[in-house]
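K.L.:
Sending over a structure as structure tokens; questions will come in a sec.
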Amino acid sequence: MTETIEAAELMAAENPVDESRYDKLERILEALLLASELPLSVEQLHRLLASDLGVGKGDIRQALENLARHMQGRAAELQEVASGYRIQVRQEYAEWVSRLWQEKPPRLSRALMETLALICYRQPITRGEIEEVRGVALSPNIIRTLLERGWIREVGQKEVPGRPSLFGTTHQLLDDLNLKSLDDLPALPDIKDLEALEATLSRHEGKTADAGPADVAAAADPVAAGAAAPEATLH
Amino acid sequence: MTETIEAAELMAAENPVDESRYDKLERILEALLLASELPLSVEQLHRLLASDLGVGKGDIRQALENLARHMQGRAAELQEVASGYRIQVRQEYAEWVSRLWQEKPPRLSRALMETLALICYRQPITRGEIEEVRGVALSPNIIRTLLERGWIREVGQKEVPGRPSLFGTTHQLLDDLNLKSLDDLPALPDIKDLEALEATLSRHEGKTADAGPADVAAAADPVAAGAAAPEATLH
Amino acid sequence: MTEALIETAESAAPPADAHKLPKLHGQTLEKMPEDLYIPPDALEVFLDAFEGPLDLLLYLIRRQNLNILDIPVLKITQQYIQYINLMHELRLELAAEYLVMAALLAEIKSRILLPRPPPDEEEQGDPRMELVRRLQEYERFKTAGEGMETLPRVGRDLFIAQARPELIPVSAKLAAPSLRDLLMAFRDVMQRSDLFSRHQVSREPLSVRERMSHVLSRLHEGARSFQDLVDPEEGRAGVVVCFLAILELAKSELICIVQDQPFEPVLIDVARPQATAVENEND
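Chains as they are written, first to last, in my numbering: chain A, 1 to 235; chain B, 1 to 235; chain C, 1 to 283.
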């Protein structure tokens, strides 16, 4: 169904002029960078593509250079940052972009939510420990955003080489989540059990909705009522 | 600090050739679409830009057209879906992009897709009506999953005893399926004319009397087998 | 596929094992109904493959390349009822819908086999008509569902291009996540890392974790005594939480507890890099 660009096709074009081969590699790199949440390093890109495309790191660097050149005059540019390459909107358009946020605050990314959740449950925690659990490098923007928003703070440093910062949650976060204390968050086993989790959530949502019609609906919903059974596990 | 493109600058170029004016509008639109997580409609774009750029909806449409043309040959494309325009990676690169994630998106079950199809083509529809067509009880998970994905929503209640919820589809579903409107869904296969059906059935009555060899093999005593069935179901 | 299944069944069930063969109406099914036999342990799997009785019926019809309008009702009815009986004999739990359909089919069958009913009864509608109508209607949506599954889908075939400026002048605050979103995110990440299975199941009061953060940040202003870190207004529970937090921090070597002289107040301080000196002493 999808017209995948075959490795063979790519290799076939290798001989006379390398142009079209690089063109395709360039477009695959563009696709990867546009879709990725995080910057991608040449090593990562090489790992993703080498076996199927038979390209070396040099080829990737060359194609990235071509990509950067082709993006001249467009609204976005290729930028190399510490952890690799990313495509970003040029700074001169930042003011326009910020209007989107004024209209509607941006949705919290999955990476940000997971990071925040880990800090809630595993604090005090270092960036390295978060990365270990999530299995991916953490974008510096995420910690920055969470700090700026006042949801987390640096609570100390871990006495290991590099003395990384330890992060913990703030009262602001509890307020924003409508919680009195972190103990109001469900315990681990209850999160594992989707039914118990739904029960806890509907209880919380009921509370915050201030016994409005939502409560009545929840009580009438046999699913919610059935899920309330494992409540015992909370005590 | 940021070199914003001033509205004035943009307006200044209005007179002799409109080319450069459209170019800038096009790039601002590109920046907005790349930065936005959700598709943006012409109305939204107009609201964001009109007062500063003095552009009309027609200008925006024209610039979007130019943008689509300029993206030809790139890895991403401009696509119009139900809730507006977005920039997406072309489908031919999907296989490469999906390598960025270790997990494949979960396959959607047949039950879920059949339910979704019923809601698409028969909305507004109740759970009971879905069950009637499918001939089986609907697992509560299916409706919940569809609601959680934002693909369906409750659009009202049917004025029959029990006042069951009526479900309909959302823009999100169309966006996720790359569609502009429900009309873009393939037409539902036709149902055979019921009169022709009746004719066929009566024609058949004669034939069924002389049971074929398969029938003989199927059961030594068809009457006994048939009579036993409902009995068994009653236990 | 069916052929392979029959072969397996034959080799696995020599005559001596006849008692293991499924029984129908108390009689061993020595000869399987044609093109019907499925090993007992596969039956459950087999049934799982269907979305209900209509789906099973459609399968029986399609397998014989028949048009819905041309169903040999009698034959299909018998096959369906045999499936159901077989599963019943094997004590497999059957969804009620399958049994309701069996009853309907049995009724249809008896109407075919018995003399034609008087005309007034026919006005109630031919049950075969109704069945064929339902089968057709179901098949439309089954097909539509299959069609929709193949449509390109965001997250599987389509990926949204995302790029942002490096810095966005922030004027709007990020909206707080809902508790649901936060917990679902946590669930996801824990499931991915499989920490659920390794993690102790006992309940760890999160307030201890929170207090650990709190104590640690207070200590950055300088060493404190235990009393300094406790807020008497919090009552017993608060003191306990605080104490547990301090123990937990000490265990993680994030703080050190020092007493310069006997009877001097115990001071709690952030762990200093001198930790290496302590290690040397231990050597």
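Where is the CB? At the ideal position from N, CA and C, for every residue including glycine. Remember, predicted model here, so these are calculated numbers, not experimental data.
State the Cα-Cα distance for the pair Thr126 of chain A and His214 of chain C, rounded to the nearest angstrom.
P.N.:
Straight-line measurement puts the Cα of His214 of chain C at about 15 Å from the Cα of Thr126 of chain A.
K.L.:
Does Gln102 of chain A come out as helix, strand or coil in the three-state DSSP assignment?
P.N.:
helix
K.L.:
Name the residue from C:Ala163, C:Pro152, C:Leu135, C:Val240 whose alpha carbon lies nearest to the alpha carbon of Asp190 of chain B.
P.N.:
C:Leu135
K.L.:
Measuring CB to CB, does Tyr80 of chain C end up less than 8 Å from Leu58 of chain C?
P.N.:
No, the pair does not count as a contact, with Cβ atoms beyond the cut-off.
K.L.:
Alpha carbon to alpha carbon, how far is Arg107 of chain A from Asp181 of chain C?
P.N.:
11 Å
K.L.:
Assign Val89 of chain B to one of two classes, buried (16 or more other C-beta atoms within 10 Å of its C-beta) or exposed (fewer than that).
P.N.:
buried
K.L.:
Over the uninterrupted alpha helix (DSSP H) stretch that includes Phe226 of chain C, give me the two end residues.
P.N.:
226-229
K.L.:
What is the residue span of the alpha helix (DSSP H) that Gly73 of chain A lies within?
P.N.:
Element bounds for Gly73 of chain A: n/a, residue is neither H nor E.
K.L.:
Could you name the residues of chain C that Ile152 of chain B contacts, counting a contact when the two beta carbons are closer than 9 Å?
P.N.:
In chain order: nothing, as chain C lies at least about 13 Å away.
K.L.:
Beta-carbon of Ile160 of chain C versus every beta-carbon of chain B: anything under 8 Å?
P.N.:
Answer yes: the Cβ-Cβ gap between Ile160 of chain C and chain B drops below 8 Å somewhere.
K.L.:
Measure the alpha-carbon distance for Pro247 of chain B versus Leu94 of chain C and round it to whole angstroms.
P.N.:
Missing from the structure shown is residue 247 of chain B; chain B here goes from 1 to 235 and no further.
K.L.:
How is the alpha helix (DSSP H) around Arg47 of chain A delimited, first residue to last?
P.N.:
42-53
K.L.:
Grouping DSSP H, G and I as helix and E and B as strand, with all else coil, what is Gln82 of chain C?
P.N.:
helix
K.L.:
On the DSSP bridge assignment, give the partners of Ile125 of chain A in chain order.
P.N.:
BP columns for Ile125 of chain A point to A:Phe167.
K.L.:
Contact criterion: CB-CB distance below 8 Å. Does Glu253 of chain C meet it with respect to chain A?
P.N.:
yes
K.L.:
Compare the Cα-Cα distances from Glu149 of chain C to each of B:Arg122, B:Gly73, B:Pro105 and report the closest residue.
P.N.:
B:Pro105
K.L.:
Quick one: is Gln191 of chain C buried, meaning 16 or more other Cβ sit within 10 Å of its Cβ, or exposed?
P.N.:
exposed
K.L.:
Do you know offhand how far His171 of chain B's Cα is from Glu37 of chain B's?
P.N.:
Linking His171 of chain B to Glu37 of chain B through their CA atoms gives a straight-line distance of about 15 Å.
K.L.:
Evaluate Val266 of chain C with the Cβ neighbour count: other Cβ atoms within 10 Å of its Cβ, from every protein chain shown; 16 or more gives buried, anything less gives exposed.
P.N.:
exposed
K.L.:
Could you work out which residue in A:Leu182, A:Val133, A:Ala75 is closest to Lys24 of chain B when comparing CA atoms only?
P.N.:
Lys24 of chain B has its Cα closest to that of A:Ala75, out of A:Leu182, A:Val133, A:Ala75.
K.L.:
Quick one: measure Cβ to Cβ for Glu97 of chain C and Pro152 of chain C, integer angstroms, because I've assumed they're closer than 8 Å.
P.N.:
So it is not a contact: roughly 34 Å between Cβ atoms.
K.L.:
Return no unless some Cβ of chain C is closer than 8 Å to the Cβ of Ala68 of chain A.
P.N.:
no
K.L.:
How would you write the range of the beta strand (DSSP E) that Gln88 of chain B sits in, first residue to last?
P.N.:
84-89
K.L.:
So, for Lys57 of chain B: in the same chain, excluding its five sequence neighbours on each side, which residues have a beta-carbon less than 7 Å away from its beta-carbon?
P.N.:
Val42, His46
K.L.:
Please list, in chain order, all residues of the same chain as Asp269 of chain C whose beta carbon is under 7 Å from its beta carbon, the five residues on each side excluded.
P.N.:
So the qualifying residues of the chain are Leu219, Ala223, Ile255, Cys256, Val258.
K.L.:
Nearest to Asp48 of chain C by CA position, among B:Arg61, B:Ser109, B:Trp101, B:Leu33, is which residue?
P.N.:
B:Ser109
K.L.:
Assuming Val189 of chain C and Leu201 of chain A make a contact with CB atoms under 8 Å, what is their CB distance in whole Å?
P.N.:
Rounded, the Cβ-Cβ distance is 18 Å, inconsistent with contact.
K.L.:
Leu244 of chain C to Glu264 of chain C, Cα distance in whole Å?
P.N.:
Roughly 22 Å between the two C-alpha positions.
K.L.:
Measure the beta-carbon distance from Glu210 of chain C to Gly168 of chain A and round it to whole angstroms, keeping in mind my assumption that it falls under 8 Å.
P.N.:
Indeed they touch by this definition, with Cβ atoms about 7 Å apart.
K.L.:
According to DSSP, is Arg153 of chain A helix, strand or coil?
P.N.:
strand
K.L.:
Going by Cα to Cα distance, which pick from A:Trp96, A:Leu29, A:Glu195 is closest to Asn66 of chain A?
P.N.:
A:Leu29
K.L.:
Under 8 Å, do Leu146 of chain A and Thr115 of chain A count as touching if we go by C-beta distance?
P.N.:
yes
K.L.:
Beta-carbon within less than 7 Å of Val55 of chain A's beta-carbon, same chain only, minus the 5 sequence neighbours each way: which residues are those?
P.N.:
Leu25, Leu49
K.L.:
Whose Cβ in chain C lies nearer than 8 Å to the Cβ of Arg239 of chain B?
P.N.:
Nothing about residue 239 of chain B can be read from this structure; chain B reaches only from 1 to 235.
K.L.:
Please classify Gln162 of chain C: does DSSP put it in a helix, a strand, or coil?
P.N.:
coil
K.L.:
Find out if the Cβ-Cβ distance for the pair Met71 of chain A, Ala185 of chain C is shorter than 8 Å.
P.N.:
Here Met71 of chain A is not near Ala185 of chain C, since their CB atoms are 8 Å or more apart.
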